[in-house]
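Let me begin by presenting the structure, written as structure tokens, before commenting on it.
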Amino acid sequence: DAGVIQSPRHEVTEMGQEVTLRCKPISGHDYLFWYRQTMMRGLELLIYFNNNVPIDDSGMPEDRFSAKMPNASFSTLKIQPSEPRDSAVYFCASSRWTVRETQYFGPGTRLLVL
Amino acid sequence: QQPVQSPQAVILREGEDAVINCSSSKALYSVHWYRQKHGEAPVFLMILLKGGEQKGHEKISASFNEKKQQSSLYLTASQLSYSGTYFCGTENQGGKLIFGQGTELSVKP
Numbered sequence: 002d003a004g005v006i007q008s009p010r011h012e013v014t015e016m017g018q019e020v021t022l023r024c025k026p027i028s029g030h031d032y033l034f035w036y037r038q039t040m041m042r043g044l045e046l047l048i049y050f051n052n053n054v055p056i057d058d059s060g061m062p063e064d065r066f067s068a069k070m071p072n073a074s075f076s077t078l079k080i081q082p083s084e085p086r087d088s089a090v091y092f093c094a095s096s097r098w099t100v101r102e103t104q105y106f107g108p109g110t111r112l113l114v115l
Numbered sequence: 047q048q049p050v051q052s053p054q055a056v057i058l059r060e061g062e063d064a065v066i067n068c069s070s071s072k073a074l075y076s077v078h079w080y081r082q083k084h085g086e087a088p089v090f091l092m093i094l095l096k097g098g099e100q101k102g103h104e105k106i107s108a109s110f111n112e113k114k115q116q117s118s119l120y121l122t123a124s125q126l127s128y129s130g131t132y133f134c135g136t137e138n139q140g141g142k143l144i145f146g147q148g149t150e151l152s153v154k155p
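Just so you know, the protein sequences line up as chains A and B, in that order.
Residue numbers for the first sequence follow my numbering, so the first one is 2 and each next one is one higher.
Residue numbers for the second sequence follow my numbering, so the first one is 47 and each next one is one higher.
Written out as structure tokens, the structure is:
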């Protein structure tokens, strides 16, 4: 299996621009997670989906962030407008049946907002 | 609520042992351990479920004491490849994982 795929791997943008991060989970995995990692806050769960339905978005920092999962093989995390404090590594992860299963992380997207 | 890991960092010589602790102020349903090397994604090590079990993975093992709401990761006879940041993820009643701040482990020759 190809593993979790994320794109782009690196993104540099200017404050105020829209940023879209993409994720393809492992085929057959029902759960998809979006995490953000920074030195200050560590690895934070932003939102997770079960069978394409958002289950918990309490970690989404504010309305500038939105996430969708239109089908079982694709999810997006959008930041609009972006701010310098959004600079971080964003990871997507997937697991098979429950939150209690192994989560397989993608390589991450390194976002820098200038 | 984020679990607390200790120590924050540890330096070892090859062959030495280490213990990394993870504590939560809330009741735990499961504890997950991951290792992340610099510039890479976290990689799963093991899951411990409610029941006080102990698990092993090569020379890395872990215990889970649900009464104390704690888990410990044991690394024995450390190898250079063990270097990285270790994260515990705790599952509370909310059914999602909350990760600790991480413990940076450096193994020197």
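Idealized CB from N, CA, C, for every residue including glycine.
All figures in this text were calculated on a predicted structure; none of them were measured in a lab.
Can you pull the chain A residues whose beta carbon is under 7 Å from the beta carbon of residue i, in chain order?
i       : result
B/Ala55 : Result: empty, since nearest Cβ-Cβ is about 13 Å, beyond 7 Å.
Taking the C-alpha atoms as reference points, what is the distance between residue i and residue j?
i        : j        : result
B/Tyr75  : A/Thr14  : 40 Å
B/Asp63  : B/Glu86  : 24 Å
B/Arg59  : B/Gly141 : 38 Å
A/Cys24  : B/Val56  : 34 Å
A/His11  : B/Phe110 : 38 Å
A/Thr21  : A/Lys79  : 4 Å
B/Lys113 : B/Gly97  : 10 Å
B/Leu91  : A/Leu44  : 16 Å
A/Ser88  : A/Leu113 : 5 Å
A/Ser67  : A/Asp58  : 9 Å
Identify every residue that forms a DSSP beta bridge with residue i.
i        : result
B/Met92  : B/Trp79
A/Glu12  : A/Leu112
A/Leu47  : DSSP lists no partner for A/Leu47.
B/Tyr52  : The question names Tyr, but residue 52 of chain B is Ser in the sequence shown. Beta-bridge pairing links B/Ser52 to B/Asn67.
B/Glu150 : B/Ala55 and B/Thr131
A/Thr103 : The partner list for A/Thr103 (beta bridge, DSSP) is empty, contrary to what the question assumes.
In this structure, does DSSP put residue i in helix, strand or coil?
i        : result
A/Leu78  : strand
A/Asp57  : strand
A/Pro71  : strand
A/Arg23  : strand
A/Arg86  : helix
B/Leu121 : strand
Which residues of chain B have a Cβ atom closer than 7 Å to the Cβ of residue i, listed in chain order?
i        : result
A/Phe92  : Ala87
A/Phe106 : Ala87 and Pro88
With 8 Å as the threshold, decide whether the Cβ of residue i is near any Cβ in chain B.
i        : result
A/Tyr49  : yes
A/Pro62  : no
A/Leu44  : yes
A/Tyr57  : For the sequence presented, residue 57 of chain A should be read as Asp rather than Tyr. It does; some Cβ of chain B falls within 8 Å.
A/Gly109 : yes
Is any beta-carbon of chain A found at less than 8 Å from that of residue i?
i        : result
B/Glu137 : yes
B/Gly148 : yes
B/Leu143 : yes
B/Phe110 : no
Taking Cβ-Cβ distances shorter than 9 Å, what residues in chain B pair up with residue i?
i       : result
A/Val54 : Here the premise fails: no neighbours, minimum Cβ distance about 14 Å.
Along chain B, which residues have their Cβ under 8 Å away from the Cβ of residue i?
i        : result
A/Arg101 : Tyr75, Ser76, Ile93, Leu95 and Glu137
At 8 Å on the CB atoms, spell out the chain A contacts of residue i, in chain order.
i       : result
B/Gly61 : In chain order: nothing, as chain A lies at least about 29 Å away.
The ligand FMN heavy atoms versus the CB of residue i: any closer than 7 Å?
i        : result
B/Gly146 : Absence of the ligand FMN from the depicted structure is noted, as is the absence of any ligand whatsoever, leaving it without description.
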